[in-house]
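So the sequence shown is numbered by my numbering: it starts at 12 and just counts up by one.
Cβ coordinates follow ideal geometry from the N, Cα and C atoms, glycine included.
Notes to accompany the following structure.
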Amino acid sequence: MASSSVRVAVVQPAAYAGETEAQNIARAVDYLSEASSRGAQFVCFPELYPGPANPRNVFDTEVLYEKAREHKLYVIRGRREPAPDGRHFIASELIGPDGESRGSYRRTTPAGPYVYRDISAWDFDYQASDALPIFETEFGPVGILICSEVYVPELARALALKGAEILFFPSGGLINELSPTWKTMIWARAIENLCYTAACQSIYGVEEGIATIAGPEKVLQQSVEPGVLVADLDLSRIRWLRNEQEKIEMPKQYRVVPGTLNWMRQEIAG
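As structure tokens, this is what we get:
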């Protein structure tokens, strides 16, 4: 039986890029130690963090697997994975508490080309994937979407219909003026899918972050600063909301309309 609760952490790092990108590894290790000391069981790093993100950079990341095993953590780490024709997948890999890879989600949307060639810190041609996996854990099924995929509600709904109870949204950064709508979308995905959402980004320079951990009934934690954000997720509440039916009663037992994952009328959806 899946656990009824889990403590998750999202890391919003002051990130290195370009020739200094390898310095992200030591900082990521420190963030994992901090998250573990605060009781986290899941830790999510941003898109392409700690890397390598830029194809010109090559460095060892084995310590991430060692630290996941040492601290008994699930770790979502970002990286670039090679694709045919010299292109690259944008991947977020799930490492288990045994230090072994549980697989990766590779960004699917948009079909491409996309902006990764335009950013000097990354500078590669993006290849979209066609797979939308669910990752089974002892806490329940989780899904991962990357960066601006938060603006594509169909992706989150597909994962929720596959059973995902937590959706992680690692983002790359440089969000800036998009921040208000971005944070709105993070919560909206939790509301409409009766799930938890957890998002973070890398911070380059003086920009403000979008780190958010939200449930369908309220935003649990939010921060614009670099650091580690932690929250306890009541998974039994998610399961209850998904199975409950709306009632006309006062006071209401919920702050979101329950049972809506079952409302879809395929015959009118087209």
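- Three or more beta-carbon pairs drawn from the region 80 to 87 and the region 97 to 111 are found closer than 8 Å, and the two stretches are therefore classed as touching.
- Per DSSP, P191 is one residue of the alpha helix (DSSP H) stretching across 190 to 204.
- Nearest C-alpha to Y125 among S115, R98, D141: R98.
- Taking a C-beta distance under 9 Å as the contact criterion, A51 and F150 do not qualify as a contact pair.
- Within a 10 Å sphere around the beta-carbon of F56 sit 16 or more other beta-carbons, which makes this residue buried.
- Counted as a single uninterrupted DSSP element, the beta strand (DSSP E) harbouring E104 occupies residues 99 to 106.
- By the neighbour-count definition (other C-beta atoms within 10 Å, threshold 16), N204 is a buried residue.
- Burial check for M261: the Cβ neighbour count within 10 Å stays below 16, so the residue is exposed.
- Inter-residue distance for R168 and R113 is about 22 Å (C-alpha atoms, whole angstroms).
- Assigned with DSSP and collapsed to three states, Y76 falls in helix.
- Under the DSSP assignment, Q23 falls in the beta strand (DSSP E) whose first and last residues are 16 to 23.
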